[in-house]
Structures are given as structure tokens and as C-alpha cells.
Amino acid sequence: MMAQTGIRLGLVGIGKIARDQHLPAIAKGGDFDLVAAASRNATVDGIANFRDIAGMLEGVELDAVSIATPPQGRHAIATAALAAGRHLMLEKPPSATVSEVRDLARFAAEQGVTLFASWHSREASGVEAARAWLSGKAIRSVRIEWKEDVRHWHPGQEWIFEAGGLGVFDPAINALSIATRVLPGALVLEKAVLHVPSNREAPIAAELDMRHAGEAPVRVELDFLQTGPQTWDIVIETGAGTLILRKGGSELSIAGEEVSLEPEREYARLYAHFAELIRKGESDVDLRPLELVADAFLLGRHETVEAFEF
Numbered sequence: 037m038m039a040q041t042g043i044r045l046g047l048v049g050i051g052k053i054a055r056d057q058h059l060p061a062i063a064k065g066g067d068f069d070l071v072a073a074a075s076r077n078a079t080v081d082g083i084a085n086f087r088d089i090a091g092m093l094e095g096v097e098l099d100a101v102s103i104a105t106p107p108q109g110r111h112a113i114a115t116a117a118l119a120a121g122r123h124l125m126l127e128k129p130p131s132a133t134v135s136e137v138r139d140l141a142r143f144a145a146e147q148g149v150t151l152f153a154s155w156h157s158r159e160a161s162g163v164e165a166a167r168a169w170l171s172g173k174a175i176r177s178v179r180i181e182w183k184e185d186v187r188h189w190h191p192g193q194e195w196i197f198e199a200g201g202l203g204v205f206d207p208a209i210n211a212l213s214i215a216t217r218v219l220p221g222a223l224v225l226e227k228a229v230l231h232v233p234s235n236r237e238a239p240i241a242a243e244l245d246m247r248h249a250g251e252a253p254v255r256v257e258l259d260f261l262q263t264g265p266q267t268w269d270i271v272i273e274t275g276a277g278t279l280i281l282r283k284g285g286s287e288l289s290i291a292g293e294e295v296s297l298e299p300e301r302e303y304a305r306l307y308a309h310f311a312e313l314i315r316k317g318e319s320d321v322d323l324r325p326l327e328l329v330a331d332a333f334l335l336g337r338h339e340t341v342e343a344f345e346f
């Protein structure tokens with residue numbers, strides 16, 4: 037194996053998101069050396085592999101851990117990493133509940149280690165440009181459409197429709213992470229409708245109505261059954277014109293003009309930010325996107341729809 041030159045990292049959960057995003061980003065970056073993986077059903081070539089977090093923490097020297105498991109059960113995994121004094125990065129959503137993440141933030145502070153609750157869509161190339169332009173603008177209305185095909189993006193992943201899996205809010209929390217980043221005021225949920233398949237525990241579609249800064253209406257439409265072209269758009273009407281973030285924040289237009297953006301590198305930016313937090317001895321735990329999802333489950337009216345099967 038090559039000599040280690042960076043932060044020694046262990047990755048927990050070697051599923052689709054880990055292989056599609058985490059592993060390539062770690063390999064291309066210069067801050068971390070991936071030295072171990074923990075997964076019940078998969079391994080990564082060229083590093084130490086373990087069945088669980090306990091074996092990984094005992095079997096190899098680590099500085100940091102990144103968790104990419106489903107949210108259910110993640111609190112125990114994260115607690116073990118923090119108890120061992122390891123810096124910790126959490127894939128979105130950071131855990132199954134708001135109170136779990138608050139507990140992890142408290143424990144990380146007690147342990148004197150970094151906790152990073154990551155929101156990868158905030159690193160899309162158009163997000164910071166949108167945030168800068170919207171600063172100080174009068175927001176008149178916001179419309180969010182987040183519609184994608186669960187069978188394509190989460191093939192056979194039954195956990196996503198189990199309690200705690202969030203259903204359509206697993207992708208929709210990406211939209212909420214962008215909205216809470218770029219909009220200058222607070223978002224407050226007023227009502228929600230959650231469409232839950234008769235054989236599932238989490239919604240497959242939803243509509244939310246919110247207010248921005250107590251005034252501007254915010255309409256959110258979510259669907260996990262969209263085939264063909266996928267829709268990940270945020271349209272913000274302001275007194276100075278319309279801003280549109282398309283394709284999950286990777287394309288941006290302002291007042292009818294396309295904005296030139298850097299190439300997409302969401303996860304590379306996440307890991308660079310994680311490394312910077314470690315160097316500075318800081319944490320980054322923004323719960324606003326998860327709080328809005330929790331509010332939707334608390335306030336939402338449930339409508340039973342036809343059964344869903346992968």
C-alpha cells in the first residue's frame with residue numbers, strides 16, 4: 037500500500053452513493069487517505085475491510101470517519117465513531133431524527149472533534165452565485181419542483197420507504213438544503229400533503245406550502261415516480277427579476293441570462309470542506325433542511341395512494 041500523506045479516513049456504508057460519489061471524490065482529492073471501509077455486504081479493493089464500525093475502529097488507525105449508510109440506525113454508528121475520538125462526516129440526511137443529530141453535535145463538542153452534517157446539493161456550482169445575487173433582494177415567490185424516478189436512483193432500496201427512510205423527502209431534502217442556503221430569510225411550513233402508498237410507511241409524493249420571511253409564498257411539489265427527464269428546479273421571483281436554479285443547482289439563470297459556472301464537483305467540495313473543518317477544529321451542523329422535513333411529517337395530511345413495488 038502507498039504511504040499515507042493525508043487524513044486517515046474510514047468509510048462506513050459501501051452502497052450506491054458511496055460508489056457513485058464518495059469513493060471517486062476521495063480518490064481525486066488530496067486531503068484524505070482512505071484506509072478502511074465497513075459494510076455488511078461490500079468491500080473496497082486495496083484497503084482494510086470490516087463488517088461493522090466496531091471492527092473498523094479496533095482494526096485500523098483512523099483520524100476521521102465518513103458515514104454513507106441509510107439514516108435508520110446511523111446514530112449508533114456515529115456515536116461509536118465520536119466515542120473513539122474520530123472526526124465525523126455524515127451523508128445527508130445526517131440521521132433519522134432531529135434529536136439524534138442534536139445529540140451527536142453535543143457529543144462531538146464534548147469529545148473535541150469535528151462533526152460535519154453534509155448537504156451535497158449546496159455544493160452544486162450555481163448555489164453560491166445564486167445566494168450572492170439574492171442577498172438583499174425582495175423575494176416575491178418561490179416554486180420548487182423536485183421530481184425523479186425512485187426506481188432509477190434507488191433501485192430495490194426498500195429502506196427508503198420504511199419508517200425513517202424519508203421516502204420522497206430523501207431527494208427533496210436536497211432542494212430544501214439549497215433553499216435554506218440561498219434564500220435570505222427563514223422558511224416556515226404552513227401546510228403539507230403526503231401521498232403514502234398503501235403498502236409503505238413513507239411518502240412517494242408530497243406538496244408543501246411555506247412562507248419565506250413571513251411573506252413570500254413558497255410552493256414545493258415532490259414526486260418519486262417521474263420517468264423520462266428528471267426535474268430538480270427552483271424558481272425564485274424577486275423585485276429585480278427571476279432567478280432559476282435547474283438540474284439540482286448545476287445550471288443558473290438570472291433575469292433571463294445564463295450564468296457561466298464551474299464544472300460540477302459536489303462531493304470533492306464536501307470533502308475539502310470537511311478537511312478544512314478538521315484543520316480549524318470546527319464543526320458544521322445545519323439542521324434547517326431536516327427540520328423542515330420533520331415539520332412536514334408533523335403537520336402533513338396523509339393521503340393513501342396505490343401500492344408501490346420496485
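Sequential numbering from 37 applies to the sequence shown in our numbering.
For every residue, glycine included, the Cβ atom is placed at its ideal position computed from N, Cα and C.
Quantities reported herein were computed from a predicted structural model and do not represent experimental measurements.
For residue j and residue i, believed in contact at Cβ under 8 Å, the rounded distance
{"i": "residue 219", "j": "residue 129", "result": "So it is not a contact: roughly 20 Å between Cβ atoms."}
{"i": "residue 147", "j": "residue 118", "result": "5 Å"}
{"i": "residue 174", "j": "residue 275", "result": "4 Å"}
{"i": "residue 265", "j": "residue 341", "result": "That belief does not hold up - the Cβ atoms of residue 265 and residue 341 are roughly 23 Å apart, past 8 Å."}
{"i": "residue 73", "j": "residue 46", "result": "7 Å"}
{"i": "residue 107", "j": "residue 200", "result": "6 Å"}
{"i": "residue 319", "j": "residue 150", "result": "5 Å"}
{"i": "residue 348", "j": "residue 67", "result": "Because residue 348 is not part of the residues shown, which for the chain are 37 to 346, the question remains open."}
{"i": "residue 110", "j": "residue 144", "result": "That belief does not hold up - the Cβ atoms of residue 110 and residue 144 are roughly 14 Å apart, past 8 Å."}
{"i": "residue 184", "j": "residue 260", "result": "7 Å"}
Distance between residue j and residue i (C-alpha atoms, nearest Å)
{"i": "residue 85", "j": "residue 307", "result": "21 Å"}
{"i": "residue 37", "j": "residue 204", "result": "Note on residue 37: pLDDT 37, under 50, position unreliable in the model; the coordinate value appears next. Answer to the nearest angstrom: the Cα atoms are 41 Å apart."}
{"i": "residue 236", "j": "residue 291", "result": "42 Å"}
{"i": "residue 345", "j": "residue 231", "result": "15 Å"}
{"i": "residue 88", "j": "residue 76", "result": "7 Å"}
{"i": "residue 325", "j": "residue 225", "result": "12 Å"}
{"i": "residue 177", "j": "residue 299", "result": "29 Å"}
{"i": "residue 80", "j": "residue 135", "result": "32 Å"}
{"i": "residue 153", "j": "residue 181", "result": "24 Å"}
{"i": "residue 301", "j": "residue 159", "result": "8 Å"}
{"i": "residue 122", "j": "residue 103", "result": "12 Å"}
{"i": "residue 172", "j": "residue 90", "result": "48 Å"}
{"i": "residue 105", "j": "residue 113", "result": "9 Å"}
{"i": "residue 39", "j": "residue 63", "result": "Interpretation of residue 39 is limited by its pLDDT of 46, a score under 50 that renders its predicted location unreliable; no figure is taken from the coordinates."}
{"i": "residue 248", "j": "residue 192", "result": "36 Å"}
{"i": "residue 242", "j": "residue 82", "result": "43 Å"}
{"i": "residue 271", "j": "residue 327", "result": "22 Å"}
{"i": "residue 223", "j": "residue 329", "result": "12 Å"}
{"i": "residue 164", "j": "residue 198", "result": "34 Å"}
{"i": "residue 142", "j": "residue 161", "result": "32 Å"}
{"i": "residue 309", "j": "residue 337", "result": "38 Å"}
{"i": "residue 323", "j": "residue 139", "result": "12 Å"}
{"i": "residue 343", "j": "residue 65", "result": "43 Å"}
{"i": "residue 262", "j": "residue 41", "result": "44 Å"}
{"i": "residue 254", "j": "residue 321", "result": "24 Å"}
{"i": "residue 54", "j": "residue 246", "result": "33 Å"}
{"i": "residue 120", "j": "residue 316", "result": "20 Å"}
{"i": "residue 305", "j": "residue 71", "result": "20 Å"}
{"i": "residue 137", "j": "residue 277", "result": "37 Å"}
Own chain residues within Cβ distance below 7 Å of residue i, not counting five before or after
{"i": "residue 166", "result": "218, 279, 281, 288"}
{"i": "residue 283", "result": "268"}
{"i": "residue 244", "result": "225, 228, 256, 332"}
{"i": "residue 252", "result": "175, 176, 177, 178"}
{"i": "residue 303", "result": "57, 58, 61, 156"}
{"i": "residue 273", "result": "176, 177"}
{"i": "residue 116", "result": "89, 90, 93"}
Proximity test, residue i beta-carbon vs the ligand GDP heavy atom, cut-off 8 Å
{"i": "residue 190", "result": "As far as ligands go, the structure on display features none, and thus does not contain the ligand GDP."}
Contacting residues, own chain, Cβ-Cβ under 6 Å from residue i (five flanking each side not counted)
{"i": "residue 99", "result": "43, 44"}
{"i": "residue 208", "result": "182, 258"}
{"i": "residue 213", "result": "155, 157, 158, 325"}
{"i": "residue 196", "result": "190, 206"}
{"i": "residue 51", "result": "none"}
{"i": "residue 239", "result": "203, 204, 230, 231, 232"}
{"i": "residue 211", "result": "180, 182"}
Chain C within 9 Å of residue i, Cβ atoms only
{"i": "residue 311", "result": "Included in the structure is just one protein chain, with no chain C present."}
Contacting residues, own chain, Cβ-Cβ under 8 Å from residue i (five flanking each side not counted)
{"i": "residue 339", "result": "229, 230, 231, 232"}
{"i": "residue 314", "result": "43, 99, 100, 123, 150"}
{"i": "residue 170", "result": "218, 219, 220, 272, 274, 279"}
{"i": "residue 286", "result": "160, 161, 162, 297, 300"}
Q.
If we require 4 or more residues per run, which alpha helix (DSSP H) segments fall completely within the stretch 160-189?
A. Taking only runs of at least 4 residues, the alpha helix (DSSP H) segments lying wholly in the stretch 160-189 are 163-170, 186-189.
Q. Between the stretch 185-204 and the stretch 295-311, are three or more C-beta pairs nearer than 8 Å?
A. No, they do not touch.
Q | 4-residue-minimum alpha helix (DSSP H) runs that sit fully inside the stretch 73-108, ordered along the chain | A | With a minimum length of 4 residues, the continuous alpha helix (DSSP H) runs that stay inside the stretch 73-108 are 89-95.
(Q) If contact is defined by three or more beta carbon pairs under 8 Å, each pair taking one atom from either stretch, is the stretch 329-337 in contact with the stretch 93-106? (A) Counting C-beta pairs closer than 8 Å gives fewer than three between the stretch 93-106 and the stretch 329-337, which falls short of the contact rule.
Q) Can you list the beta strand (DSSP E) stretches of 3 or more residues lying completely in the stretch 236-287, in chain order? A) Qualifying beta strand (DSSP E) stretches, in chain order: 241-248, 252-259, 267-274, 277-282.
(Q) Please give me, in chain order, every unbroken run of the alpha helix (DSSP H) with length at least 4 that falls completely inside the stretch 306-341. (A) Runs of the alpha helix (DSSP H) inside the stretch 306-341: 324-335.
Q: Can you check the stretch 183-232 for any beta strand (DSSP E) of at least 3 residues that lies completely inside it and give the ranges in chain order?
A: If we require 3 residues or more, the stretch 183-232 turns out to have no beta strand (DSSP E) run fully inside it.
(Q) Suppose only complete runs of 4+ residues qualify. What are the alpha helix (DSSP H) ranges in the stretch 110-167, listed by chain order? (A) Counting only runs of 4 or more, we get 110-119, 134-147.
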